[in-house]
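Student: Pasting a structure here, questions to come.
Residue numbers (the working numbering): 1 to 925.
As C-alpha cells, then:
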C-alpha cells in the first residue's frame with residue numbers, strides 16, 4: 001500500500017501511434033499511502049482533425065483542442081509524475097505502449113518501470129463480476145462514474161478501483177497470498193511485486209484468520225454454515241377468500257392486485273390438491289414466479305412434501321434465488337426451506353483443484369483461472385461454476401477440475417467433508433422447495449442412481465422448452481473434437497500420453513511393450529478420421545444442395561452403396577473402441593495385481609483413463625443406435641465446411657418423446673405443472689399437449705391473459721413495399737429489408753431489435769446497412785458479428801442512445817429490454833423452419849406416413865409458438881409502448897396468416913406504404 005502508483009488514462013484519436021494517431025487528452029492520478037494525493041489532466045492538441053467516431057465517444061472536438069498544449073509541452077510533467085512509481089491503467093498495455101511511443105517521439109525515454117493492469121487485477125480479485133469494463137466495475141463497487149471516455153474521469157475512477165483492489169488483496173489470508181504470489185510471475189503486469197510487499201508486512205504480525213474463513217489442506221475456504229433442521233409445522237390458511245390478498249398487501253408496500261396472478265395461484269394449488277397435471281399459459285406481466293412459488297410453498301409446508309421447480313435457463317434460476325425467493329420469505333407468514341441443485345459438473349472438485357495447483361503450467365489463461373479460483377474459494381458458498389466469469393481458456397481448465405465423481409479415493413476422502421456437490425445433495429434431501437433445471441430433471445428420470453430426492457410434485461417453468469430438452473436428452477451426440485481429444489489423451493506409445501504412462505508402470509524395458517496393442521490405438525485414431533471423411537462424402541452426395549458454410553445434413557439409410565460404406569466404417573470404429581477398452585482394462589488390472597497400493601500418480605492416471613473409457617462407452621452406444629437401429633431416430637450432421645471436421649457433430653434424436661414421457665414421468669408423478677407465456681396455438685393447447693404425451697391424460701388447461709393493454713401499447717405494422725418472400729431471389733429481398741430498416745431506424749432513433757430466422761440473411765443485411773453509410777451515428781450490434789454473448793450484446797444495446805440489435809435463434813426469447821431502450825421490434829420473416837432442415841424434414845415425413853398434414857400439424861404450430869416468443873420481446877412492463885413491424889406479408893396475404901394474429905394478444909394491425917408508416921411512427925412515438 002505504501003508504494004507510489006500513478007494511474008494513467010488517455011483519450012486518443014485512434015488505436016495506433018505508429019500510423020500517426022495521437023493523444024488528445026492525458027490524465028494522471030497519484031496514489032500513495034492508500035489515498036489519492038494528486039491529480040493532473042490536460043487536453044492535448046494532436047495537430048490533426050479529430051475522428052467523428054472519437055468525437056461522438058469522448059465529446060472532445062477540434063475546437064476544444066485547438067488552444068490546448070502540444071504533447072511535448074506536458075511531457076516533462078509526465079516524466080516527473082512517473083518517477084519511482086508503478087504505471088497503472090485499465091488495460092495497461094494500450095496506455096503504456098501509446099504513451100511510451102509519444103514520449104520517444106518527443107525525445108524522452110519510454111517508461112520501463114513496474115506496471116499494474118486493473119483489468120487483470122479485477123479478473124483475479126472479482127472472479128464473479130459480470131464484466132470487467134471500467135463502467136461496469138464502477139457500478140459494481142459503488143464508484144460514481146459520470147463521464148466515461150473522458151480521461152480525467154476514467155483515471156480518477158480507475159484510481160478508486162485500484163484502492164479497493166489493493167485493500168481486498170491485503171485482507172486475504174497469508175496462505176492465499178502465497179499461492180497467488182507463486183502463480184503471479186506469469187501475469188502481464190507486476191502484481192507479484194505488490195503481493196511480495198503485502199506478504200512481507202503480514203509476516204511481521206500474528207495472523208488472525210477471519211471467522212468466516214478456514215484453512216483446510218492448504219486452501220483458504222469460506223466457512224459453510226451448519227445446516228439446521230427446520231421444525232415441520234402446518235402453515236396458517238392462505239387459500240381462503242381475501243386472505244392471500246391481505247398477506248400480500250402487508251408484506252409488500254407497493255403491492256398491486258393482479259387478478260391473473262391470484263387466479264394462477266388458485267389454479268396451481270387446486271392441481272396439487274387434486275393430484276392433477278396442468279398446463280398454464282400465463283401472459284407477460286402476470287408475475288408467474290410468485291404465482292407458483294406461493295401455492296407450492298403452502299402445499300409443501302401443509303402436506304410435508306418436497307416439491308421440484310425446474311427452469312430451462314440459469315438466468316431464471318438466478319432470478320428465483322436472488323429476487324423471487326427472498327421476496328417469498330417476506331410474504332409468507334411461515335418459514336420455507338429451499339435449495340438450488342445443478343448437475344455434478346457445475347461444481348468444483350476440490351481434490352482435483354488441489355492436485356492441479358502443483359502442476360506446472362505456462363498457459364496464461366490457466367494460471368489466471370487458478371488465481372481466480374483461489375480468491376473465489378474464500379467467498380463461495382456453492383462451488384458452482386456459474387458464479388465465475390471465466391475466459392474460454394478458463395472454461396477448458398474447468399473441465400480438468402470439475403466434479404465428475406472420478407478421482408483418487410485417498411484425496412477424495414480427505415475432501416469429502418468440504419465437497420460442495422455432496423453438501424448441495426444433502427441440503428436437497430431436507431429442503432421443501434428444490435430448484436433445478438430441465439436437463440438435471442430429465443437425467444434424474446432415467447438414472448438408476450437418483451440425483452434428486454424422491455418427489456411426486458413438480459412445476460416446470462419455461463415449459464415451452466421442456467419437449468426440446470427431453471428430445472435432446474433421449475438423443476445422442478458424436479462431436480469430432482471431443483472424440484479426437486479422448487482418443488489422443490490415451491494416445492499411442494510414441495505419443496507418450498496415458499497409454500505410454502500406464503505401460504511404463506508395467507514394464508522397465510521400453511522395447512517390451514506389445515506392438516499389437518499399440519497398433520490398435522493407431523488404428524482407432526485413423527478410423528475416427530475415416531469415419532468423418534466418409535460421413536461428409538455421404539452428406540454432400542445426398543444432402544441438400546446450395547448450402548452455406550455452416551450447415552446441417554440429414555443422415556439416413558437410403559439403401560445405397562455409400563450408406564453401406566458409412567455403416568461399415570461405423571462398425572469398425574465401434575469394434576476398435578471396444579478392443580482398445582479391453583487392452584486398457586487388462587493393463588489396469590495387471591497394475592492393480594502388481595501393487596497392493598497404487599501411488600498417487602498411478603491413481604490419477606487410472607482415474608483419468610476410467611473417465612475416458614466411460615466416454616468411449618457412450619460413443620459406441622451412440623454409433624450402434626444411429627447405424628444399427630436407424631428407424632428409431634432422426635440423424636443429422638452439423639458442420640462448418642470451411643473448417644471440417646473440427647466443428648463437426650453427428651446428432652441423433654427420437655422422432656417423438658411423448659410415449660416415453662407418459663410412461664416414465666407423468667404416470668409416476670401426482671402433479672406436474674407446466675407454465676410458460678407461449679403454449680397455445682390459436683388458443684388451443686393441442687399441439688403442446690400432444691408433443692408432451694399429455695393429450696390422453698388426466699390434465700387441465702388454463703390460459704391467463706397478460707394484464708398489459710396491448711391494444712393501446714402496441715401497433716403491428718406491415719409495410720407494403722417489401723416483396724413477397726418467396727417470389728424474389730434472397731438478394732433482392734435483403735436489399736429491400738436493409739432499405740426499410742435504415743428508414744425505420746431514422747424514424748425511431750434506433751432502439752430497435754431485429755429478429756431473423758437465418759444467420760446468412762442477418763449477415764447480408766448487416767453488410768448492406770454498414771456499406772450504405774446512412775447509419776454511421778448508430779451502434780449496430782449483430783449476433784455472430786459483434787463480439788460477445790447474447791446477454792453482453794443486450795447490455796451494450798441498452799448503453800447507447802441510438803442502437804440497433806440484430807439477432808437470430810436464441811434472440812427470439814429470453815431477451816428482456818424494458819422501457820424506452822426498445823421501442824421497435826422488427827420480424828423479418830415468419831419463423832418457419834426450413835422444410836429441408838433435418839429435424840423438420842424427418843418429422844414431416846413421419847406425419848405424412850401416418851396420413852397427417854405436416855404443415856398444419858408441425859410446421860405451422862411450431863412457427864406460431866416461436867412468433868409468440870418474438871412478439872413477447874417488445875412489451876415487458878405496463879408503461880412500455882412500441883411498434884412491431886413484420887416484413888413478411890404472408891401474415892396478411894395467406895389463410896394461415898390469421899393463425900399468427902389470432903395467437904397473440906389483440907393489437908391494431910396496419911398494412912401501409914413505408915412513407916405513411918414513417919409519419920405514423922413519428923407521431924405515435
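Cβ coordinates follow ideal geometry from the N, Cα and C atoms, glycine included.
In the DSSP assignment, the beta strand (DSSP E) including residue 563 goes from what residue to what residue?
Tutor: Note, residue 563: premise wrong, no beta strand (DSSP E); alpha helix (DSSP H) at 561 to 594.
Student: Within 10 angstroms of its Cβ, does residue 789 collect 16 or more other Cβ (buried), or is it exposed?
Tutor: Counting Cβ neighbours within 10 Å, residue 789 comes out exposed, since fewer than 16 surround it.
Student: Going by the beta-carbon positions, is the gap between residue 831 and residue 872 smaller than 8 Å?
Tutor: Against a cut-off of 8 Å, the Cβ pair of residue 872 and residue 831 comes out as no contact.
Student: Do you know how far the Cα of residue 661 is from the Cα of residue 808?
Tutor: Their Cα atoms are separated by approximately 30 Å.
Student: DSSP on residue 677, reduced to helix/strand/coil?
Tutor: DSSP places residue 677 in coil when its eight states are reduced to three.
Student: For residue 588 and residue 487, what's the separation of their Cα atoms in angstroms?
Tutor: Looking at the two C-alpha atoms, the distance is approximately 17 Å.
Student: Candidates 75, 118, 609, 267: which alpha carbon is nearest residue 99's?
Tutor: Here the closest residue by C-alpha is 75.
Student: Between 688, 384, 834, which lies nearest to residue 759 when the distance is taken from Cα to Cα?
Tutor: Residue 759 has its Cα closest to that of 834, out of 688, 384, 834.
Student: Give a yes or no on whether the C-beta atoms belonging to residue 217 and residue 387 are separated by under 8 Å.
Tutor: Not a contact, by the Cβ cut-off of 8 Å.
Student: For residue 510, does the count of other Cβ atoms within 10 angstroms reach 16, so buried, or fall short, so exposed?
Tutor: Confidence at residue 510 is low in this model, with a pLDDT of 48, below 50, so the placement of that residue should be treated as unreliable; the coordinate-derived value is given next. The residue is exposed, with fewer than 16 neighbouring Cβ atoms inside 10 Å.
Student: Specify the secondary structure class of residue 552 as computed by DSSP and reduced to three states.
Tutor: Reduced to three states, the DSSP call for residue 552 is strand.
Student: Counting C-beta neighbours from all protein chains within 10 Å, is the total for residue 260 16 or more, i.e. buried, or is it exposed?
Tutor: When all chains shown are included, residue 260 counts as buried.
Student: Out of curiosity, what's the CA-to-CA distance linking residue 702 and residue 674?
Tutor: Straight-line Cα distance between these residues: approximately 11 Å.
Student: Could you compute how far the alpha carbon of residue 734 sits from the alpha carbon of residue 779?
Tutor: Cα-Cα distance, rounded: 20 Å.
Student: Quick one: what does DSSP say residue 510 is sitting in, helix, strand or coil?
Tutor: Model confidence at residue 510 stands at a pLDDT of 48, short of 50, so the residue's coordinates are unreliable and nothing is read from them.
Student: Assuming residue 692 and residue 736 are in contact, meaning their beta carbons sit under 8 Å apart, how far apart are those beta carbons, in whole angstroms?
Tutor: Actually they do not touch by this definition, with Cβ atoms about 40 Å apart.
Student: List in chain order: all unbroken alpha helix (DSSP H) runs of 4+ residues lying wholly within the region 169 to 253.
Tutor: Runs found: 174 to 184, 191 to 203, 243 to 251.
Student: Less than 8 Å between the beta carbons of residue 4 and residue 85, yes or no?
Tutor: Yes, the Cβ-Cβ distance between residue 4 and residue 85 is below 8 Å.
Student: When you compare only the Cα positions, how much space is there between residue 651 and residue 867?
Tutor: So the two alpha carbons sit approximately 26 Å from each other.
Student: Do the region 330 to 349 and the region 143 to 151 touch if we need at least three Cβ pairs shorter than 8 Å?
Tutor: The answer is no - the region 143 to 151 does not touch the region 330 to 349, with fewer than three Cβ pairs under 8 Å.
Student: Which whole-angstrom value is the C-beta distance of residue 433 and residue 294, which I expect to be below 8 Å?
Tutor: In fact, because the Cβ distance is near 11 Å, the residues do not count as touching under 8 Å.
Student: Expressed to the nearest angstrom, what Euclidean distance is found between the alpha-carbon atoms of residue 190 and residue 178?
Tutor: Their backbone Cα atoms lie some 15 Å apart in a straight line.
Student: Locate the beta strand (DSSP E) running through residue 437, then write down its first and last residues.
Tutor: From DSSP, the beta strand (DSSP E) with residue 437 extends over 433 to 437.
Student: By DSSP's criteria, residue 8 is part of a beta bridge. Which residues make up the other side?
Tutor: BP columns for residue 8 point to 28.
Student: Let's test the definition: count the other Cβ atoms within 10 Å of the Cβ of residue 594 and tell me whether it reaches 16, buried, or not, exposed.
Tutor: Answer is exposed; the Cβ neighbour count stays below 16.
Student: Quick one: using the 10 Å Cβ neighbour count with 16 as the cut-off for buried, is residue 559 buried or exposed?
Tutor: Looking at its Cβ environment, which holds fewer than 16 other Cβ atoms inside 10 Å, residue 559 is exposed.
Student: Determine the direct distance from the alpha carbon of residue 846 to that of residue 857, and round the result to whole angstroms.
Tutor: About 11 Å.
Student: So, using beta-carbon positions, are residue 751 and residue 818 closer together than 8 Å?
Tutor: Not closer than 8 Å, so no.
Student: Identify every residue that forms a DSSP beta bridge with residue 487.
Tutor: In DSSP, residue 487 forms no bridge with anything.
Student: Quick check on this structure: which residue in 550, 124, 582, 726 has the alpha carbon closest to the alpha carbon of residue 642?
Tutor: The shortest Cα separation from residue 642 among 550, 124, 582, 726 belongs to 550.
Student: For the alpha helix (DSSP H) that contains residue 143, what are its first and last residues?
Tutor: Taken as a continuous stretch (DSSP letters only), residue 143 belongs to no alpha helix (DSSP H), as it is neither H nor E.
Student: Which residue spans inside the region 592 to 655 form an unbroken alpha helix (DSSP H) run of at least 4?
Tutor: Complete alpha helix (DSSP H) runs here, min 4: 600 to 628.
Student: Return the chain-ordered list of same chain residues with a C-beta closer than 6 Å to the C-beta of residue 842, the five sequence neighbours on each side being excluded.
Tutor: Same-chain partners within the cutoff: 634.
Student: How big is the Cα-Cα spacing for residue 291 and residue 793?
Tutor: Spanning the two alpha carbons is a distance of roughly 31 Å.
Student: At a cut of 8 Å, does the region 695 to 713 reach the region 478 to 485 through at least three beta carbon pairs?
Tutor: No, because fewer than three Cβ pairs between the region 695 to 713 and the region 478 to 485 fall closer than 8 Å, the two stretches do not touch.
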